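Undergrad: Protein chains in written order, with the numbering used here: chain A, 6 to 558; chain B, 734 to 1051.
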Amino acid sequence: MSFPFRTPRRAVVSAAGAVAAVVLLAGCSAGGTGSEENAGEPVSGGNLVYATGDAEPTCLDPHVGGNYPQALAASQYLEPLVSKNDDGEIIPWLAGEWQESEDGLTWTFTLREGVQFTDGTPLNAEAVKANIAHVQDPETASSTGYLALQKIESAEAVDDLTLKLNLKAPDSALLESFSMPWVAIQSPKALERSQEENCAAPVGTGPFIVEDWVKQDSITMVRNENYNSPPADAAHEGPAYLESITWKFIPESATRYAALQAGEVHVIDNAQPDTIAAAENNDVIKHLDAPRPGASNRLELNTSKAPFNDPLVREAFVRAVNVNDGVSSLFFGTAERSYSPLSSVEPLGYSDESLFGYDPAEANRLLDEAGWTERDAEGYRVKDGERLSLEFPVSTNQSIPAEQSLFEQLQATAKEAGFEIKLNLLDLSSWYGALAENDYNLVSAPYTKVGPDVLRILFHSDSTVPAPSGYFANLSQVKLDELDELLTKGSETSDPADRAALYEEAQKIVLEGYYILPLYDQQNHFLYRSEVSGLRALPTVSTPAFYDVWLNS
Amino acid sequence: MSIFSNKRNHQDPVLAGTSGAAGTPDVAATPGTPGAPGTMGTLGPTRSLRRVSGLRAVELGAAAVALFLVLAACFPTLLAPFDPLAINPADSFQGPSSKHWFGTDESGRDIYSRVIHGARPSLLIGAAATAIGVGLALVLGTLAGLGGRWLDFGVGRILEVLFALPGLLLALVFIALAGPGITTSVVAVGLSTAPGYARIIRGQISQVRSSAMVEAAVVLGRRPAQVLFRHILPNALSPVFVLGTLGLGQAVVWASSLSFLGLGAPPPAAEWGAMLAAGRTYLGTAWWMTFFPGVAIVLTAASSTVLGRALQRRVAGR
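Dropping the structure here:
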């Protein structure tokens, strides 16, 4: 596999190259992550109904907070500066070219010409500058975008379409960061409105426009008739084929699937493994698997307090739980076990299976060694009168039922070694609350980011300090100077080989210290009806793109 | 003393028979016939003894189900072949078979064993919630029925406000404030059923209070406490047992609803509502995961209703 990320030091990606990519990809758009049978000519018109099982965003502006549900929706009406193609290379989107200075401290972006926000405001350097300021403003309460743009010290508009960014330190992940919907570019005029107004209907350059949002029901998006800014790997130009999208919230997975079967909706996300397996034998329903980039889905072991401040107990826990049997029985072959902190779509991921074998005898030995020698009447281990008990808050919005069942199975196997796991099923806001109060020993917190720099977000000691949204991403709360240094260096190193070596070293430390228990990729399965053609997931954060989609009657 | 004054409280017609709407089972509760002082205390028992032979088939069936449930709740290990919490991923999603009568769930746990073990929490929650509801209602109803016009007015208005909210909503509000868990769901269900019971008890008490027997006791110079405990309460309370039996089934349904919503017993507890919730995800492929816990809930509610009705007929001496 080719190295996925051409480091853009002094590299100039020309607009001509972009056009070539469009032509090339138009011919084989069905190849990569997209659907296979885009039979016939695209048909314009129609309303597509999308049913999401992710939490309903509290704000449609992904700068605010910044979670995956926001990215899913925002990918339809906002666009970032750059994108990524199926080979993992950064390609132009709203920015046509870019250049990094020799010392890595200055970046120059040239924006695409003639692009307008849907409120008529032109896309220019001042607009992008206003967006960076918006993400960095503590008032915005951004988390994901804020962390991604952390190194930008100042921005200046050199001329109408040229933007210069001055960095505090070189940032090898800057382009990857700019490809994410959490830093997508919005109309500066719209950003001047109150946060409440902007949250209800953000204004971007995307192929669709947020028309209406009925809370706890649906978002209505209509086609942007003046659209002219598709990414370099899109299959066509001009406005989208679909006239509108109804973006429905159907949190209950069986209901969502039933609606798809009945033809009431065209596409669903967060599909349950059993329904994916059933769809394999079904001509009407198709499956799109698009694992999210960034971190793998993993349990974080909170090292900031007992009992996981003891590495022996951490290893004992990892050895005590039987993940593999659960994954194979609950996921019907749709999820593969991971042994890496990074998603399998991240080329720099490093795996070490040997550290995570299920070994109850070893778990018991380690716990004895750690001094948890007694057991109480219920069979749980006890030390100094304290039970070996683990608080495990689970966000029901972020875990599909199969995952919650897996956690129950981990609970059952951990009990044999003497661990008590308390599963607390919480809604998203209570779950954030539990994390903020450090009221957890175990937690599963998906984190999506393009590129290996997600390791810095998750395991650098700086990330134990909450972002303006109140969320801190280093949930294992690991604080190691050695690790910090590797991650900082990695984020400043552009040389591919050096960068890979640094991140491998960092991942070794994370895995060998038993700060996490990797489970599988962040599952991102879409099911759609066969009349939907041209559906693909953006290779950046795997959100579905409806720009090239049309409905066969 | 005012509470024992013989002045009839004309403000309350017998509410008992009409107050079934908001969460309390509909029951044509009638007090032990006032005005027959001699037989008062023993009326209920003797009548039901005489009618035991008249049990209908449905009632026998309901009694059998209830007996089985109580047995399951007290001695689950006698009836359940497997450990309800023991997982076995290799055996997951098995349909009903001779080994697993009700099939297995997503973690390979035996559903029959889980349904049996689920009887205890469900019945306990149901019984405890009913006890709380009836207990609270007794206090409120007694205050209202005996406490004089203003107290009666006050309690009456509070009950009306509570009636204005659907019972389950009241329970949800309480859980939102107190946090989910078994104890909170017991209290929540108890609190939300209390107003219905309280209204009936109040009606009973004010009716008995104005009966000739109580009048006689007061005239004879009995102490207030004696009048309350020997004459008023025994006669006002006989319908409460009927109500409680009828209400038990409903409390079980409510408690299961709360668990179904994820507000009751935390995982991995074998609780019927939680099992329903887990199974609904797989409704299309593994119907047995929801069917059997659902049947258990229906049977519990139905048998307690049938038994309650039977008891009611006997107490009422229809």
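All residues carry an ideal CB built from backbone N, CA and C; glycine is no exception.
Since the structure is predicted, the reported quantities are computational estimates derived from the model, not experimental observations.
Quick check: the region 186-199 of chain A against the region 51-70 of chain A, are at least 3 beta-carbon pairs closer than 8 Å?
TA: yes
Undergrad: Would you decide whether V215/A is buried or exposed? Buried here means 16 or more other CB atoms lie within 10 Å of its CB.
TA: buried
Undergrad: Measuring only the C-alpha atoms, how far is V24/A from R541/A?
TA: With a pLDDT of 41 at V24/A, under the threshold of 50, the modelled position of this residue cannot be trusted, and the question is left open.
Undergrad: Shortest alpha-carbon distance to S223/A belongs to which of L180/A, V270/A, V163/A and A237/A?
TA: V270/A
Undergrad: For the region 542-554 of chain A against the region 230-249 of chain A, do three or more pairs of beta-carbon atoms, one drawn from each stretch, fall closer than 8 Å, so that the two count as touching?
TA: yes
Undergrad: What does the alpha-carbon distance come out to for the pair D816/B and R847/B?
TA: Cα to Cα, D816/B sits roughly 8 Å from R847/B.
Undergrad: Give me the chain B residues within the contact set of S258/A, using Cβ-Cβ distance strictly less than 7 Å, ordered along the chain.
TA: T1014
Undergrad: Please determine, among T339/A, P346/A and V227/A, the residue with the shortest C-alpha to C-alpha distance to G518/A.
TA: P346/A
Undergrad: Any beta carbon from chain B within less than 9 Å of S563/A's own beta carbon?
TA: In the structure displayed, chain A extends from 6 to 558; residue 563/A sits before or after that span and is not available.
Undergrad: In the DSSP assignment, the alpha helix (DSSP H) including V952/B goes from what residue to what residue?
TA: A945 to V952
Undergrad: Let me confirm a value: G866/B is counted as buried when at least 16 other C-beta atoms fall within 10 Å, else exposed. Which label applies?
TA: G866/B is buried by the Cβ-count criterion.
Undergrad: Terminal residues of the continuous alpha helix (DSSP H) containing W1005/B?
TA: Here the alpha helix (DSSP H) through W1005/B covers W1005 to R1013.
Undergrad: Apart from the five residues just before and just after V326/A, which ones in its own chain have a Cβ nearer than 6 Å to its Cβ?
TA: L415, T418 and A419
Undergrad: Going by CA-CA distance only, name the one from Q482/A, V387/A and F336/A that's closest to H581/A.
TA: Beyond the ends of chain A as shown, which are 6 and 558, falls residue 581/A; an answer cannot be given.
Undergrad: Using the beta-carbon count (16 or more within 10 Å), is R789/B buried or exposed?
TA: exposed
Undergrad: Give the single residue among I290/A, M185/A, Y476/A and Q403/A whose Cα lies nearest to the Cα of W98/A.
TA: In this structure, M185/A is the residue among I290/A, M185/A, Y476/A and Q403/A with its C-alpha nearest to the C-alpha of W98/A.
Undergrad: Under 7 Å Cβ-Cβ, which residues of chain B neighbour G331/A?
TA: Contact note: G331/A reaches chain B through P822, using a C-beta cutoff of 7 Å and chain order.
Undergrad: Less than 9 Å between CB atoms is the rule here; does K427/A satisfy it with respect to chain B?
TA: Look at K427/A: its C-beta is under 9 Å from a C-beta on chain B.
Undergrad: Alpha carbon to alpha carbon, how far is V985/B from A178/A?
TA: 56 Å
Undergrad: Tell me which residues share the same chain as T1018/B and place their Cβ nearer than 8 Å to its Cβ, disregarding the 5 neighbours each side in the sequence.
TA: F826
Undergrad: Does the beta carbon of E839/B sit closer than 9 Å to a beta carbon anywhere in chain A?
TA: yes
Undergrad: Given that a residue counts as buried once 16 or more other Cβ atoms are within 10 Å of its Cβ, and exposed if not, what is S1037/B?
TA: The residue is buried, with at least 16 neighbouring Cβ atoms inside 10 Å.
Undergrad: Can you grab the Cα-Cα spacing for the pair A502/A / Y508/A, in whole Å?
TA: 10 Å
Undergrad: Could you have a look at T763/B and say whether DSSP puts it in helix, strand or coil?
TA: Only weak support is given to the placement of T763/B: the predicted model assigns it a pLDDT of 39, under 50, and the value that follows is read from those uncertain coordinates. Coil.
Undergrad: Would you identify the three-state DSSP class for A795/B, choosing helix, strand or coil?
TA: helix
Undergrad: Three-state secondary structure (DSSP) at S192/A?
TA: Coil at S192/A, not helix or strand.
Undergrad: Assuming F361/A contacts V332/A (C-beta within less than 8 Å), just tell me the rounded distance between them.
TA: About 12 Å; that fails the 8 Å criterion.
Undergrad: At the level of alpha carbons, what is the spacing between S343/A and Y452/A?
TA: When rounded, the distance between both Cα atoms is 15 Å.
Undergrad: Just the C-alpha distance for S309/A and N443/A, rounded to the nearest angstrom, thanks.
TA: 9 Å
Undergrad: Flag this pair as touching only if the region 956-964 of chain B and the region 896-904 of chain B have three or more C-beta atom pairs under 8 Å; answer yes or no.
TA: no
Undergrad: Please state whether DSSP places A100/A in a helix, a strand or coil.
TA: strand
Undergrad: What does a CB cutoff of less than 7 Å around Y82/A pick up in its chain, not counting 5 residues either side in sequence?
TA: P207, G209, G211, F213, I214, V215 and M226
Undergrad: Taking the CB atoms as reference points, tell me whether A284/A and G338/A lie closer together than 9 Å.
TA: no
Undergrad: Between which two residues does the beta strand (DSSP E) containing T469/A stretch?
TA: Per DSSP, T469/A lies in no beta strand (DSSP E) segment and is marked neither H nor E.
Undergrad: Checking contacts by CB at 9 Å: is T280/A closer than that to chain B?
TA: yes
Undergrad: With contact counted as at least three CB pairs below 8 Å, one residue from each stretch, are the region 946-953 of chain B and the region 1012-1027 of chain B in contact?
TA: no
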